[in-house]
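Positions in the sequence shown are counted from 1; adding 184 to them yields this note's numbering. Every residue, glycine too, gets a C-beta built ideally from N, C-alpha and C. Single-structure report; data block below.
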Amino acid sequence: MVKYDIIIIGAGPNGLTAGAYLAKQGLKVLILERKLEAGGGLATEEVTLPGFLHNTHSIYHMMVDYAPAYKDLGLDNSHYKVRYVYPSLQFALPLQDGRAVCLYTDVEQTCKSLAQFSKHDADSYRDMHRRFKEYMEAFLAPATYVPPIPALEQAAKLDDSELGREITAYSEKSPKQIVDELFEDEHVRTLMLYTACHWGLEYDIEGVGYLAVLYLNRATNYRLSVGGSHMLSQGLNKVLIENGGMVWGSQRIKRILVEGGVARGVELEDGRMVEAGKAIISTIDPHQTFLKLVGDDKLENDFVDRLNDWKWESWSLFETHLALESAPQFTYPETAGAFVHVMGYETTQDLINHWDAIKRGELAAGAGFNACFPSIHDPSQAPPGKYTALISQMAPYNLKEGTQKWYGLKFKEEQAERCLDVMQRYIPNVRDALLWKSMTTPLDIQNKFLDMVQGSIKQGAYHPFQMGYLRPNEQCSQNRTPIKNLYLGGASCHPGGLVLLGPGYVAAGSVVEDLGQERWWKEPETVTVARQAGLL
């Protein structure tokens, strides 16, 4: 039997992050990956024509300025070739009357844009930007990179300071309540509500308003990986290999070997056994980890019941990747340099109609989406003089006609054409410039990433009973599980998905702590400050 200190299941961003940290700790690390290539959602592929690089899952990286891995692992060193573009115009919502709501990295530029619609909203944004940045630096960002604590304990800590009480007050509100209280103009509200909810929040859900605050702050902090999102996974993989770690691709795991309530290793589908001398970290979803690989016969009934209560996300994504022969010609030139274009919405009701249609399993006629043109910001992602584009539309996995309908090529083509109809209102030459397109449906996402059940891009819904200390449940919330030496380290645990590099980072710390070793890496300064302030 081959023996490693640490076995990690899944070579996505969190598996690679945990593996890189633990390999640098001096532990013998093996990552087992079902696919041919490491990276998971950090995928960049030529899905249209040769030379056109498309980021087929993750594209908008929003925590580059806070995630400890970039500095700890030296990813920002030229050796690893992990570089980012930070466009000054982050979001643009073009409107039919010729105006556009724009969010810039520069606060005053944003306020100037919002003032076209409402002086009140410009002033409110300026104040919001300042306050939400304080919340991020003091608590929200530090809390992303430490194990969560029970909700009542965390609430008590926040209640001891004015800033903490403000964060709690926002947490009790829904995203729509927050946006409506801050802004008065309907167009401004539309873009703000989109940015607050697009990563998986229900517009009317209460109890996770702190995430809306985080997303509104992050709306001017999106980065694009130069060379494609896979460059981040390549960098993480290189750190792992340089420190003696290994990735085995194309592996099918039959079961996690559990003896006497302790995880000892894994058995592969081909019969090979791999021993884990110290720990196993699973970065895949809770159902696969426990119900398939561990087996419910080795788990308490209450724990199994809790797993079966896990809720996947209410919507997924329908994406269309475009290879363009010439540059997109925008009807509104001021928006041409935007990183994220939100197209097809005029009012918050347009958004709500879209979300409500998804709940009914319907594809709303003329529904909007976000669009990106990566090669405008990073020409290396397309052949010289050519361009790439992405249309990313919220869509239901469970169609009312049946999920299998997503397999139909004609159906996918029709949906892509509907999206192009909307895009053409803002980019009249898009069809003339189109060389090829490739579509990805919610069902395709599930088939490609088995841990994204029902196309759930974050391994599970974001709601009060599946966040923080309850993600995925109170018995696994700090990475440790009822099976000794088995840990969770994927998007199904705190802090969640979206290439935060948080779950893998926190899981690595939990393993090293349980081994009684001193970590080679230092606690982020923001975390130390938050602890000293009594917020963590």
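Query	Result
How would you write the range of the alpha helix (DSSP H) that residue 288 sits in, first residue to last?	No alpha helix (DSSP H) contains residue 288, which is instead part of the beta strand (DSSP E) from 284-288.
Leaving out five residues before and five after residue 241 in sequence, what residues of the same chain have Cβ atoms less than 6 angstroms from its Cβ?	225, 227
If you count every other CB in all the chains shown that lies within 10 Å of the CB of residue 650, and 16 or more means buried, which is it?	buried
Which of the three DSSP states is assigned to residue 627 in this structure?	helix
Measuring alpha carbon to alpha carbon, tell me which of 480, 374, 612, 335 ends up nearest residue 356.	335
Over what stretch of residues does the beta strand (DSSP E) that includes residue 415 continue unbroken?	Not the beta strand (DSSP E): residue 415 falls in the alpha helix (DSSP H), residues 414-426.
Rounded to whole angstroms, what is the Cα-Cα separation between residue 457 and residue 386?	43 angstroms
What residue range does the alpha helix (DSSP H) around residue 309 cover?	303-319
In the structure shown, what three-state DSSP assignment does residue 665 receive?	coil
Would you give the residue range spanned by the alpha helix (DSSP H) that residue 206 belongs to?	197-208
Would residue 642 and residue 691 be called neighbours here (beta carbons separated by less than 8 angstroms)?	no
I'd like to confirm something about residue 498: is its beta-carbon nearer than 7 angstroms to some heavy atom of the ligand ZN, or not?	The model on display carries no ligand, and the ligand ZN is accordingly not part of it.
From residue 312 to residue 366, what does the alpha carbon distance come to, in whole angstroms?	8 angstroms
Just checking my contact of residue 579 with residue 629 at CB under 8 angstroms: how many whole Å lie between their CB atoms?	Wrong, their Cβ atoms sit about 10 angstroms apart, outside the cutoff.
I'd like to check one pair, residue 618 with residue 570: are the Cβ atoms closer than 8 angstroms?	no
Classify residue 616: buried if its beta carbon has 16 or more other beta carbons within 10 angstroms, exposed otherwise.	exposed
For residue 474, which residues from the same chain have a beta carbon less than 7 angstroms from its beta carbon, with the 5 sequence-adjacent residues on both sides left out?	483, 491
Can you say whether residue 263 is buried or exposed, counting buried as having 16 or more other CB atoms within 10 angstroms of its CB?	exposed
What residue range is occupied by the uninterrupted beta strand (DSSP E) comprising residue 251?	Per DSSP, residue 251 belongs to no beta strand (DSSP E) and is neither H nor E.
Nearest to residue 281 by CA position, among 377, 371, 647, is which residue?	371
Would you identify the three-state DSSP class for residue 342, choosing helix, strand or coil?	helix
Counting C-beta neighbours from all protein chains within 10 Å, is the total for residue 591 16 or more, i.e. buried, or is it exposed?	exposed
Using DSSP bridges, identify the partner residues of residue 407.	245
Grouping DSSP H, G and I as helix and E and B as strand, with all else coil, what is residue 448?	strand
The alpha helix (DSSP H) with residue 492 in it runs from where to where?	485-492
Hey, quick one: how far does the alpha helix (DSSP H) through residue 537 stretch, first residue to last?	532-543
Can you tell me whether residue 261 is buried or exposed? The criterion is at least 16 other CB atoms within 10 Å of its CB, across all chains shown.	exposed
If residue 688 and residue 201 are in contact, beta carbons under 8 angstroms, what's the gap, nearest whole angstrom?	3 angstroms
Under DSSP, the beta strand (DSSP E) around residue 613 begins and ends at which residues?	Run containing residue 613: none; DSSP gives neither H nor E here.
For residue 641, name the three-state secondary structure that DSSP assigns.	coil
Where in the stretch 538-617 do unbroken runs of the alpha helix (DSSP H), each at least 4 residues long, occur, reported from the N-terminal end onward?	558-561, 593-608, 614-617
Going by alpha carbons, who is nearest to residue 277 out of 595, 620, 706, 515?	515
If you reduce the DSSP assignment to three classes, tell me which class residue 716 lands in.	helix
Compare the C-alpha of residue 382 against each of 552, 314, 697, 190 and name the closest.	552
With a threshold of 8 angstroms, are at least 3 pairs of Cβ atoms found where one atom belongs to the stretch 231-248 and the other to the stretch 405-421?	yes
If we call anything under 8 angstroms between Cβ atoms a contact, is residue 719 one with residue 345?	yes
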